[in-house]
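**Q** Quick one: the structure is below, questions incoming.
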Amino acid sequence: MRILLTGVGGQVGWELQRTLAPLGDVIAAGRSLLDLADTASIRRTVAAIAPDLIVNPAAYTAVDKAESEPGLAYAVNADAPGELAACGVPLVQFSTDYVFDGRKPVAYTEADVPNPLGVYGASKLAGEQAVQRSGTPHLILRTSWVYGLRGRNFLLTMQRLARERDILTVVDDQFGAPTWSRLIAEASALTIARWLDRPDRAATSGIYHLSCRGRTSWHGFAAAILAQQGGPDEKCARLTAIPTSDYPTPAVRPLNSQLDCGKLAATFGVRLPAWESALALCLERNLPQSTT
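All residue numbers for the sequence shown refer to the working numbering, where the first residue is 158 and numbers rise by one.
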């Protein structure tokens, strides 16, 4: 099987290069090979590669900047998935908790009606809808609060700021489940393998939520990160909780981003661990390397 993988410079795409390898020949397409902002070239590139499966974790993820760059956000997050789906190749598309408005008091299921609050979430929702309209066999995997050991994300930002500042103020009234990019990639590969084994892939095509179990706030996530930060002699900031109203941003964030992943477990038998366990595992693998 030839697998076209986009977004290999991103957190999830980078990890997927390894986890998808047992399924076939992975053609890792960075921006130089496949520029998703240039939709006119997508079909030509896909035709030249002739994949049997397309996996698209690539996205415009600058949530606040998207408010001032809606054209680029929609080109990458909405138009490009539609073009990929139109190629007629089975497609795995990644999406986000930001398609919801966060007003629901409990975890969102796939049956809940999306209502994005900003351009980023709206563009990702438009991408989902384009894939669904195409009629091609597909999986749409929504995840949340992605972090990892590379790129730009909350984990690495907190680790850096904890060394640079005496006090950190972090929002404590937005809730969700932090999800390690490596576990997303591993769970995705397992889900894809089981989906491809189905005689009728269309029967299980659709949207699935894929995130770690549990619930915390950004402040709670930061506290868990700092609790495992360095050794006793390493400088570590004091953490202060603030409401969202004290930290205004160009894009409005959903107050509740928790995703119910029961459908994924019931259909493919795939479950992620609690977010606390995932974070401990992630940081355990980030131990300093000996120089001797």
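Here a beta-carbon is modelled for each residue, glycine too, at the ideal position from N, C-alpha and C.
Three or more C-beta pairs under 8 Å: does that hold for the stretch 424–434 against the stretch 325–344?
**A** Touching, yes.
**Q** V427 and L347 - do their beta-carbons sit closer together than 7 Å?
**A** Position 190 of the sequence shown holds residue 347. Position 270 of the sequence shown holds residue 427. Cβ atoms of L347 and V427: closer than 7 Å.
**Q** Does the distance from the C-beta atom of Y304 to that of L416 stay below 7 Å?
**A** On the sequence shown, residue 304 is found 147 positions in, with the first residue counted as 1. On the sequence shown, residue 416 is found 259 positions in, with the first residue counted as 1. Contact: no.
**Q** What separation, rounded to the nearest whole angstrom, lies between the Cα atoms of N413 and P262?
**A** Position 256 of the sequence shown holds residue 413. Position 105 of the sequence shown holds residue 262. About 7 Å.
**Q** Use the C-beta contact count for D323: other C-beta atoms within 10 angstroms, 16 or more gives buried, fewer gives exposed.
**A** On the sequence shown, position 166 is the one that residue 323 refers to. Classification of D323: exposed, given that the 10 Å Cβ count is below 16.
**Q** Any idea if M158 is buried or exposed, counting beta-carbon neighbours within 10 angstroms, 16 or more meaning buried?
**A** Sequence index remark: in the sequence shown, residue 158 carries index 1 (1-based). Looking at its Cβ environment, which holds fewer than 16 other Cβ atoms inside 10 Å, M158 is exposed.
**Q** P294: buried (16+ other C-beta within 10 angstroms of its C-beta) or exposed?
**A** On the sequence shown, residue 294 is found 137 positions in, with the first residue counted as 1. With 16 or more other Cβ atoms within 10 Å, it is buried.
**Q** Say whether the stretch 182–200 touches the stretch 302–318, bearing in mind that this needs 3 or more beta-carbon pairs closer than 8 Å, one atom from each stretch.
**A** no
**Q** For my contact list, L282 and A237 are in at a C-beta cut-off of 8 Å; report their separation, rounded to the angstrom.
**A** Here residue 282 refers to the residue found at position 125 of the sequence shown. Here residue 237 refers to the residue found at position 80 of the sequence shown. So it is not a contact: roughly 14 Å between Cβ atoms.
**Q** Measuring straight from C-alpha to C-alpha, what distance separates G164 and K420?
**A** Locating residue 164 in the sequence shown gives position 7, counting from the first residue. Locating residue 420 in the sequence shown gives position 263, counting from the first residue. Between G164 and K420, the C-alpha separation is close to 26 Å.
**Q** With a cut-off of 8 Å, do at least 3 Cβ pairs link the stretch 240–259 to the stretch 267–280?
**A** yes
**Q** Looking at the secondary structure, which residues open and close the alpha helix (DSSP H) in which F378 lies?
**A** Position 221 of the sequence shown, counting from 1, holds the residue named residue 378. Counting along the chain, the alpha helix (DSSP H) containing F378 begins and ends at 375–384.
**Q** For G170, count the other beta carbons within 10 Å of its own beta carbon; 16 or more makes it buried, fewer makes it exposed. Which is it?
**A** Here residue 170 is taken as the residue at index 13 of the sequence shown, counted from 1. By the neighbour-count rule (16 or more Cβ atoms within 10 Å), G170 is buried.
**Q** Look at I211 and V233 and say whether their C-beta atoms are less than 7 Å apart.
**A** For this step, residue 211 is matched to residue 54 along the sequence shown. For this step, residue 233 is matched to residue 76 along the sequence shown. With respect to the 7 Å criterion, I211 and V233 are not classified as neighbours on the basis of their beta carbons.
**Q** Can you tell me where the beta strand (DSSP E) holding F425 begins and where it ends?
**A** One-based indexing of the sequence shown puts residue 425 at position 268. Looking at the DSSP string, F425 is not in any beta strand (DSSP E); the run it does join, the alpha helix (DSSP H), is 419–425.
**Q** Can you tell which of T202, L177, C418 has the C-alpha that lies nearest to the C-alpha of I364?
**A** Counted from its first residue, the sequence shown places residue 364 at position 207. The residue with the shortest Cα to Cα distance from I364 is C418.
**Q** Please classify E172 as buried or exposed, where buried requires at least 16 other C-beta atoms within 10 Å of its C-beta.
**A** Taking the first residue of the sequence shown as position 1, residue 172 is located at position 15. That one is buried.
**Q** List the endpoints of the continuous alpha helix (DSSP H) containing T348.
**A** The residue given as residue 348 occupies position 191 in the sequence shown. Where T348 is concerned, the enclosing alpha helix (DSSP H) stretches over 338–353.
**Q** When DSSP builds the beta bridges, which residues end up paired with L325?
**A** Reading the sequence shown from its first residue, position 168 is the one you call residue 325. In the DSSP output, where bridge partners are listed per residue, L325 has L396.
**Q** Give the list of continuous alpha helix (DSSP H) stretches no shorter than 4 residues that lie fully inside the stretch 186–226.
**A** The stretch 186–226 contains these whole alpha helix (DSSP H) runs: 196–206.
**Q** Distance, Cα to Cα, L177 vs S198?
**A** Stepping through the sequence shown from its first residue, residue 177 is reached at position 20. Stepping through the sequence shown from its first residue, residue 198 is reached at position 41. If you take the alpha carbons of L177 and S198, they lie about 25 Å apart.
**Q** Within 10 angstroms of its Cβ, does Q168 collect 16 or more other Cβ (buried), or is it exposed?
**A** Position 11 of the sequence shown, counted from the first residue, corresponds to residue 168. Buried, by the Cβ-count rule.
**Q** State the DSSP-derived secondary structure class of A408, mapped to helix, strand or coil.
**A** Here the question's residue 408 lines up with position 251 in the sequence shown. The answer is coil: DSSP assigns A408 none of H, G, I, E or B.
**Q** Quick one: measure Cβ to Cβ for D329 and S374, integer angstroms, because I've assumed they're closer than 8 Å.
**A** As a working note, residue 329 is residue 172 in the sequence shown. As a working note, residue 374 is residue 217 in the sequence shown. The pair is a contact, with the Cβ atoms about 5 Å apart (cut-off 8 Å).
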